[in-house]
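Input: a single structure, listed below in structure tokens.
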Amino acid sequence: MIELKRKIVHFTGLTVPALQVGFGRDFTISFLVIVLIVFTLFESVRLDKKLRDDLKKGLKLYLRFEDIERVIDEMTRFHERSRIGAHIYFVLGSLAVLWFFPDYSVGIITVAVVSDALASILGRFGRVRVGRKTIEGFLSYLISGFAILTFFNFSHPFLIALVGATVELLNVPPDDNFSCQVSMGIFAYLLSIAF
0 MIELKRKIVH
10 FTGLTVPALQ
20 VGFGRDFTIS
30 FLVIVLIVFT
40 LFESVRLDKK
50 LRDDLKKGLK
60 LYLRFEDIER
70 VIDEMTRFHE
80 RSRIGAHIYF
90 VLGSLAVLWF
100 FPDYSVGIIT
110 VAVVSDALAS
120 ILGRFGRVRV
130 GRKTIEGFLS
140 YLISGFAILT
150 FFNFSHPFLI
160 ALVGATVELL
170 NVPPDDNFSC
180 QVSMGIFAYL
190 LSIAF
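In numbering that gives the first Met the number 0, the protein residues as written are 0 to 194.
In structure tokens form, the structure reads like this:
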């Protein structure tokens, strides 16, 4: 249930390609920079208990932070509770793809959102493990990524989806929400030069 809640929130990432289609690259980059600043401020407060306590006292906030923290903890995987959240890496990856690979960004960011969510949800039912991931999750990412990139008229959609699915499976640092987007962007660009 927690993973389903996370993935529902994860799907808000589809606003990024929607904004690019509707308002253009420059607007979307500006929007994401603002989002990144806000997220970074919230992450600082989330990760630093002393800062959080000082803010409560200094701003005379009498909100029940425990309720807010409980909701955040429910949405955060255990290993993420003491490190930067996946949403920061997603925004950084989206910014990188928009900046360096604008011709591919709508399709790649869509894959990063949809295929990652499907890999996570369907991968939970997987039996063949590779570290913390499953082959079934890998195949979910690969098939959905291929379908999305085909829809967006990418040349070599299977190869690009294979790169994204492999990076997701191997959980390439710093975080798959960053690494998948950037690796697919680089690979799509290299394919466009080679062919």
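Cβ atoms here follow ideal geometry from the backbone N, Cα and C, with glycine treated the same way.
Being a predicted model, the structure only gives us computed values, none of them experimental.
DSSP lists T133 as the bridge partner or partners of R128. Under the DSSP assignment, I83 falls outside any alpha helix (DSSP H); it carries neither an H nor an E label. Taking the CA atoms as reference points, I108 sits about 23 Å from A193.
With fewer than 16 other CB atoms across the displayed protein chains lying within 10 angstroms of its CB, K49 is exposed. The three-state reading of DSSP puts D47 in coil, since its state is none of H, G, I, E or B. By the neighbour-count definition (other C-beta atoms within 10 Å, threshold 16), F22 is an exposed residue. Within the same chain, Cβ atoms closer than 7 Å to the Cβ of V113 are found at S143 and I147, the five residues on either side in sequence being excluded. In chain order, L168 place their CB closer than 7 Å to the CB of V129, counting only its own chain and leaving out the 5 sequence neighbours on each side. Under the three-state reduction of DSSP output, D175 falls in the helix class.
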